[in-house]
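*Asks:*
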Ligand SMILES: [Zn+2]
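In our numbering, the protein residues as written are 592 to 795.
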């Protein structure tokens, strides 16, 4: 499954696109494995609903093999890592700024904003969350939260509970600013990076 070297138009950098990967206009759900330098990007991907593996400490070789074994697109800022023969497919992330990283992901692999997928993964552990009945959240979330919120989600892995339509609106607003109407035209200036805040309660 060899990826052909591909001259992408993003700042003229070379990247390798997986042969099965469609052009950005297509609907697709790639999964990712982010290197140690891309924790914030991984968090944004999870907010968007993408499956994004990330560990603060992991050996390069282990990351490459994990990505390969699980069919994940390797995301890295380390050019040397991309020179490994088994590191395919990959995206060599150019910028150190998360907003620009998102822009590159939109341009190169067609990252999508789908409201129904927003906040459907646990931010710390990347597992899917599922909607639960409010009664199931009772006693686990603060009383005022239980009284003021009507919808709750729970991580299937760590059992952390999420809520917060208000926060979701704020996140959506921020993310909309990152996704330009025309994916090939990026907004000027620095997109806001300050409001990735959602209510979350760790399991007792
Ligand atoms: Zn979790």
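From the three backbone atoms N, C-alpha and C, an ideal C-beta is built for every residue, glycine too.
(1) If you count every other CB in all the chains shown that lies within 10 Å of the CB of residue 720, and 16 or more means buried, which is it?
(2) What span of residues does the beta strand (DSSP E) with residue 643 cover, start to end?
(3) Following a CB-centred definition, is residue 718 positioned closer than 7 Å to any heavy atom of ligand 1?
(4) When you measure from the CB of residue 637 to every non-hydrogen atom of ligand 1, does any distance come out below 7 Å?
(5) Using 8 Å for Cβ pairs, my map puts residue 706 next to residue 657. What's the rounded Cβ distance?
(6) Using the C-alpha atoms, what's the distance from residue 622 back to residue 662?
(7) By the three-class DSSP mapping on this structure, what secondary structure does residue 718 have?
(8) Please state whether DSSP places residue 766 in a helix, a strand or coil.
*Replies:* Reading off the structure:
(1) buried
(2) 643 to 645
(3) yes
(4) no
(5) 30 Å between Cβ atoms; not a contact.
(6) 7 Å
(7) coil
(8) helix
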